[in-house]
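Trainee: My numbering puts the first residue of the sequence shown at 198, with every later residue one more than the last.
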Amino acid sequence: MEKENSTLECRNVSIEFPGVKALTNVNFSIGSGTIHAMLGANGAGKSTLMKVFAGANPGYTGEVLVNGEVVELRDTNTAKRLGIQIVYQEVDTALIGSMSVAENVMINSLVMDMGKRQFVNWPNIRKRAKETLERLNVHLNVNELCSNLSLAEKQMVLIARAIVHECKFLILDEPTAPLSDTETKELFKMVRHLRETYNMTVIFITHRLYEVLEVCDAYTVMRNGEIVGGAPITEQTTTKEIVEMMLGHSFDESFPKEATEIGEEDFEVSHLCDTEGMVNDVSIHCRKGEIIGIAGLVGAGKTELCKTIFGAMKAGSGEVKLHGKTLKIKNPSDAVKERIALVPEERRKEGVLITETVEFNLAAGSLGQFCNASFVNRAKTAANAKKYVEELGIKTPTIKQVVANLSGGNQQKVAVGKWIAADSDVYIFDEPTKGVDVNAKTEIFRLINDIAKLGKCVIYASSENQELLSISDRIYVMYDGKIMAELETAKTSEDEIMHYSVGATEAYAG
Ligand SMILES: Nc1ncnc2c1ncn2[C@@H]1O[C@H](COP(=O)(O)OP(=O)(O)OP(=O)(O)O)[C@@H](O)[C@H]1O
Ligand SMILES: [Mg+2]
Numbered sequence: 198m199e200k201e202n203s204t205l206e207c208r209n210v211s212i213e214f215p216g217v218k219a220l221t222n223v224n225f226s227i228g229s230g231t232i233h234a235m236l237g238a239n240g241a242g243k244s245t246l247m248k249v250f251a252g253a254n255p256g257y258t259g260e261v262l263v264n265g266e267v268v269e270l271r272d273t274n275t276a277k278r279l280g281i282q283i284v285y286q287e288v289d290t291a292l293i294g295s296m297s298v299a300e301n302v303m304i305n306s307l308v309m310d311m312g313k314r315q316f317v318n319w320p321n322i323r324k325r326a327k328e329t330l331e332r333l334n335v336h337l338n339v340n341e342l343c344s345n346l347s348l349a350e351k352q353m354v355l356i357a358r359a360i361v362h363e364c365k366f367l368i369l370d371e372p373t374a375p376l377s378d379t380e381t382k383e384l385f386k387m388v389r390h391l392r393e394t395y396n397m398t399v400i401f402i403t404h405r406l407y408e409v410l411e412v413c414d415a416y417t418v419m420r421n422g423e424i425v426g427g428a429p430i431t432e433q434t435t436t437k438e439i440v441e442m443m444l445g446h447s448f449d450e451s452f453p454k455e456a457t458e459i460g461e462e463d464f465e466v467s468h469l470c471d472t473e474g475m476v477n478d479v480s481i482h483c484r485k486g487e488i489i490g491i492a493g494l495v496g497a498g499k500t501e502l503c504k505t506i507f508g509a510m511k512a513g514s515g516e517v518k519l520h521g522k523t524l525k526i527k528n529p530s531d532a533v534k535e536r537i538a539l540v541p542e543e544r545r546k547e548g549v550l551i552t553e554t555v556e557f558n559l560a561a562g563s564l565g566q567f568c569n570a571s572f573v574n575r576a577k578t579a580a581n582a583k584k585y586v587e588e589l590g591i592k593t594p595t596i597k598q599v600v601a602n603l604s605g606g607n608q609q610k611v612a613v614g615k616w617i618a619a620d621s622d623v624y625i626f627d628e629p630t631k632g633v634d635v636n637a638k639t640e641i642f643r644l645i646n647d648i649a650k651l652g653k654c655v656i657y658a659s660s661e662n663q664e665l666l667s668i669s670d671r672i673y674v675m676y677d678g679k680i681m682a683e684l685e686t687a688k689t690s691e692d693e694i695m696h697y698s699v700g701a702t703e704a705y706a707g
């Protein structure tokens with residue numbers, strides 16, 4: 198592909214959904230060969246604007262221009278023909294797990310029309326998939342089933358799918374949210390490679406601002422459906438100035454953990470194994486009021502551990518005890534009855550009822566609380582919903598809004614709120630801040646801290662070690678399904694956590 202200069206621009210673009218003015222007179226333009234960050238708080242309008250470019254928001258008003266010419270982006274095929282490709286926020290829903298890497302990469306051109314007959318040229322499909330992955334410098338077996346891939350690999354498959362056809366503008370909507378630091382570095386290498394080799398333009402959405410400084414050439418900030426500023430990224434750019442532009446006021450990102458009174462031993466997991474070898478002889482314990490962190494890279498078994506405790510994955514052997522009593526948990530409803538709550542990592546699949554309202558979801562963690570006899574007390578569910586919408590800053594026109602219509606980060610806030618509202622004794626959080634903005638993150642921390650103050654047990658799994666260091670009292674580090682180390686938060690460091698995260702068995706030397 199020769200280097201040519203392409204531009205993508207929009208003028209006075211607006212779009213309205215019932216009750217929400219999602220974009221208001223947005224003006225934006227970008228040229229070839231740049232990596233451009235699109236930033237803003239949850240619900241600011243980032244994904245909505247990107248969907249306009251991708252032809253997935255046909256109801257926009259205003260103009261979009263490619264290479265200076267007005268184009269009508271009223272369907273996704275038109276956008277693709279113009280070289281605009283997008284990888285959406287939710288990785289898992291976009292891939293078909295039961296199909297191979299090759300099929301998933303080539304999904305948009307599996308079937309070839311040969312006159313009256315249609316057929317699939319398998320050798321050609323595999324060859325083109327392989328070539329595309331090689332263009333990205335990614336080495337994956339194209340015959341592997343996508344369900345066997347790590348999240349990072351799935352992300353690569355989606356990017357490969359996007360660039361199979363001529364791609365001048367690649368939009369990545371929060372590609373790094375499910376990735377660990379190491380995988381994020383790989384992704385950045387790939388993105389830079391696309392910029393350098395193909396002069397591609399990459400629009401990159403993220404809530405991790407240090408990533409922006411690392412990989413982007415420039416940034417644009419959106420707030421409440423408008424563009425409020427932006428600049429090239431230089432040595433002098435700081436995350437602080439970006440955050441302040443995002444929120445419209447000054448903001449202190451540091452989260453001071455409040456000391457809580459830590460009580461007696463209350464929750465204990467002994468020698469827990471799942472049936473698939475992902476959780477391997479795990480023993481952990483938690484005292485009343487204590488927040489324990491579960492550290493480890495993506496794929497270390499943190500999610501599987503959370504799910505096995507909660508009965509969402511089958512336990513092979515081992516024991517779970519609460520208040521000194523051994524629990525028999527065969528499924529999530531047993532866990533809920535025993536007053537254990539899980540905020541799962543994959544919110545759209547497991548965390549929220551996507552077609553239900555914000556109000557219903559925020560009550561769904563413990564409907565019993567909101568019932569008189571078997572009637573749901575609407576006044577109570579409404580009051581509860583209003584409280585969490587306020588506390589977590591959930592951006593929604595009303596509490597009656599269907600969750601599917603909220604932005605990604607706001608869906609995550611509902612998933613977290615749902616279980617915080619439930620009155621449980623043990624709270625398990627699996628990557629609860631994935632995709633939420635800096636402000637909401639500190640709110641979630643504060644709410645979790647409040648739960649601990651009530652004398653509850655909190656288990657907090659995250660691949661972001663910084664988060665664990667700010668919120669937890671004690672940290673278990675997992676690697677390959679096993680606990681490698683138990684560390685006191687006050688006495689440990691990111692380096693020590695990393696040391697055990699990569700499987701080191703010798704003691705950390707500092
Ligand atoms: N189909 C829809 N129906 C109703 N409202 C919508 C729809 N799509 C988006 N919105 C609203 O438009 C606003 C902007 O949402 P958008 O998804 O663009 O936010 P975002 O900046 O991508 O946020 P996040 O960081 O949480 O992903 C939000 O208030 C959202 O609820
Ligand atoms: Mg979004």
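Glycine included, every Cβ here is placed at the ideal spot set by N, Cα and C. Since the structure is predicted, the reported quantities are computational estimates derived from the model, not experimental observations.
For Ile232, name the three-state secondary structure that DSSP assigns.
Mentor: As a position in the sequence shown, residue 232 is number 35, starting the count at 1. Note: Ile232 maps to strand in three-state DSSP.
Trainee: Go through the segment 279 to 354 residue by residue and report every complete run of the beta strand (DSSP E) that reaches 3 residues or more, in order.
Mentor: The segment 279 to 354 contains these whole beta strand (DSSP E) runs: 281 to 284, 309 to 311 and 314 to 316.
Trainee: Could you tell me the distance, in whole angstroms, from the CA atom of Leu337 to the CA atom of Val533?
Mentor: Residue numbering aside, residue 337 sits at position 140 when the sequence shown is read from its first letter. Residue numbering aside, residue 533 sits at position 336 when the sequence shown is read from its first letter. Distance between the alpha carbons of Leu337 and Val533 is about 40 Å.
Trainee: Identify whether Leu262 lies in helix, strand or coil by the three-state DSSP scheme.
Mentor: Along the sequence shown, read from residue 1 onward, the residue named residue 262 stands at position 65. Three-state result, Leu262: strand.
Trainee: Starting from the N-terminal end, write out each residue whose C-beta falls within a distance shorter than 7 Å of any non-hydrogen atom of ligand 2.
Mentor: Residues flagged by the Cβ proximity filter: Lys243, Ser244, Gln286, Asp370, Glu371, Ile402, Ser604, Gly605 and Gly606.
Trainee: Using alpha carbons as the reference points, say which of Val298, Lys597 and Ser698 lies closest to Gly216.
Mentor: As a first step, residue 216 must be located in the sequence shown, where it is residue number 19. For Gly216, the nearest C-alpha among the options comes from Lys597.
Trainee: With distance defined between alpha-carbon atoms, name the residue in Gln315, Leu665 and Asn264 nearest to Asp692.
Mentor: Along the sequence shown, read from residue 1 onward, the residue named residue 692 stands at position 495. When each option's Cα is compared against that of Asp692, the closest is Leu665.
Trainee: Nearest to Leu369 by alpha carbon, out of Glu328, Leu246 and Gly474?
Mentor: For this step, residue 369 is matched to residue 172 along the sequence shown. Selected option, being the one with the closest Cα: Leu246.
Trainee: Going by CA-CA distance only, name the one from Thr379, Ala374, Asn274 and Tyr395 that's closest to Arg332.
Mentor: Mapped onto the sequence shown, residue 332 falls at position 135. Closest option to Arg332, Cα to Cα, is Tyr395.
Trainee: Report yes or no: do the segment 260 to 268 and the segment 286 to 293 share at least 3 C-beta pairs separated by less than 8 Å?
Mentor: Taking 8 Å as the limit for Cβ pairs, the verdict is that the segment 286 to 293 does not touch the segment 260 to 268.
Trainee: What whole-angstrom Cβ distance do Ala612 and Gly548 have, given they're in contact under 8 Å?
Mentor: Counted from its first residue, the sequence shown places residue 612 at position 415. Counted from its first residue, the sequence shown places residue 548 at position 351. Contact holds; Cβ gap of about 3 Å.
Trainee: Can you check which of these residues, Leu502, Asn581, Lys248 and Asn334, is closest to Asp471 by C-alpha distance?
Mentor: Sequence index remark: in the sequence shown, residue 471 carries index 274 (1-based). Among Leu502, Asn581, Lys248 and Asn334, the Cα nearest to that of Asp471 belongs to Leu502.
Trainee: Please find out if some non-hydrogen atom of ligand 1 comes closer than 7 Å to the beta-carbon of Asn222.
Mentor: Taking the first residue of the sequence shown as position 1, residue 222 is located at position 25. Flag unset: Cβ of Asn222 not near ligand 1.
Trainee: Taking the alpha-carbon positions, what's the Ile360 to Leu644 distance?
Mentor: As a first step, residue 360 must be located in the sequence shown, where it is residue number 163. As a first step, residue 644 must be located in the sequence shown, where it is residue number 447. In a straight line, the C-alpha of Ile360 is about 42 Å away from that of Leu644.
Trainee: Closer than 6 Å by C-beta to Glu487: which residues in its own chain qualify, once you throw out the five before and the five after it? Chain order, please.
Mentor: Here residue 487 refers to the residue found at position 290 when the sequence shown is read from its first residue. Excluding residues within five positions, the ones whose Cβ falls inside 6 Å are Ile459 and Asp670.
Trainee: Ligand 1 and Phe225: does the residue's C-beta get closer than 7 Å to at least one heavy atom of that ligand?
Mentor: Taking the sequence shown and counting its residues from 1, the one referred to as residue 225 is at position 28. Outside the cutoff, so no.
Trainee: Tell me which same chain residues have a C-beta within less than 7 Å of the C-beta of Ile232, skipping the five on either side of it?
Mentor: Here residue 232 refers to the residue found at position 35 when the sequence shown is read from its first residue. Closer than 7 Å at Cβ, skipping near neighbours: Val388, Arg392, Val399, Phe401, Val412, Cys413 and Asp414.
Trainee: Report yes if the CB atom of His362 is closer than 8 Å to the CB atom of Lys248, and no otherwise.
Mentor: For the purposes of this step, residue 362 is identified with residue 165 of the sequence shown, where counting begins at 1. For the purposes of this step, residue 248 is identified with residue 51 of the sequence shown, where counting begins at 1. Going by C-beta atoms, His362 is not nearer than 8 Å to Lys248.
Trainee: Examine ligand 1 and report whether any of its heavy atoms sits within less than 7 Å of the Cβ of Gly240.
Mentor: Against the sequence shown, residue 240 aligns to sequence position 43. Yes, the beta carbon of Gly240 sits closer than 7 Å to at least one heavy atom of ligand 1.
Trainee: If you draw a straight line from the alpha carbon of Gly614 to that of Leu559, how long is it in whole angstroms?
Mentor: Looking up residue 614 in the sequence shown gives position 417. Looking up residue 559 in the sequence shown gives position 362. For Gly614 and Leu559, the distance between alpha carbons rounds to 6 Å.
Trainee: Thinking just about the alpha-carbon of each residue, which of Asp622, Gly605, Gly707 and Lys546 is nearest to the one in Lys485?
Mentor: By 1-based counting over the sequence shown, the position of residue 485 is 288. It is Asp622.
Trainee: Can you confirm whether the segment 668 to 688 touches the segment 492 to 500 when touching is taken to mean that 3 or more C-beta pairs between the two stretches lie within less than 8 Å?
Mentor: Short answer: they touch.
Trainee: What did DSSP end up calling Asp471 once you bin it into helix, strand or coil?
Mentor: The residue labelled residue 471 in the question sits at position 274 within the sequence shown. Strand at Asp471.
Trainee: Taking Ser480 as the reference, which of His446, Gly515, Ser451 and Glu462 has the closest Cα?
Mentor: Residue mapping note: residue 480 aligns to position 283 of the sequence shown, counting from 1. That would be Gly515, whose Cα lies nearest to the Cα of Ser480.
Trainee: Are Ala241 and Arg420 closer than 8 Å when you measure CB to CB?
Mentor: Against the sequence shown, residue 241 aligns to sequence position 44. Against the sequence shown, residue 420 aligns to sequence position 223. Contact flag set, yes.
Trainee: Would you report the Cα separation of Ala326 and Glu300, rounded to the nearest angstrom?
Mentor: Position 129 of the sequence shown, counted from the first residue, corresponds to residue 326. Position 103 of the sequence shown, counted from the first residue, corresponds to residue 300. Using only the alpha carbons, I get a separation of about 8 Å.
Trainee: How many angstroms separate the CA atom of Asp272 from the CA atom of Gly259?
Mentor: For this step, residue 272 is matched to residue 75 along the sequence shown. For this step, residue 259 is matched to residue 62 along the sequence shown. The straight-line gap from Cα to Cα measures roughly 16 Å.
Trainee: What number of angstroms, rounded off, separates the C-alpha of Thr702 from the C-alpha of Phe464?
Mentor: Here residue 702 is taken as the residue at index 505 of the sequence shown, counted from 1. Here residue 464 is taken as the residue at index 267 of the sequence shown, counted from 1. Looking at the two C-alpha atoms, the distance is approximately 27 Å.
Trainee: For His446, is the classification buried or exposed, using 16 other Cβ atoms within 10 angstroms of its Cβ as the cut-off for buried?
Mentor: One-based indexing of the sequence shown puts residue 446 at position 249. Looking at its Cβ environment, which holds fewer than 16 other Cβ atoms inside 10 Å, His446 is exposed.
Trainee: Using DSSP with H/G/I as helix, E/B as strand and the rest coil, what is Phe448?
Mentor: Counted from its first residue, the sequence shown places residue 448 at position 251. It is coil, neither helix nor strand.
Trainee: Roughly how many whole angstroms lie between the Cα atoms of Met475 and Ile656?
Mentor: Stepping through the sequence shown from its first residue, residue 475 is reached at position 278. Stepping through the sequence shown from its first residue, residue 656 is reached at position 459. Answer to the nearest angstrom: the Cα atoms are 18 Å apart.
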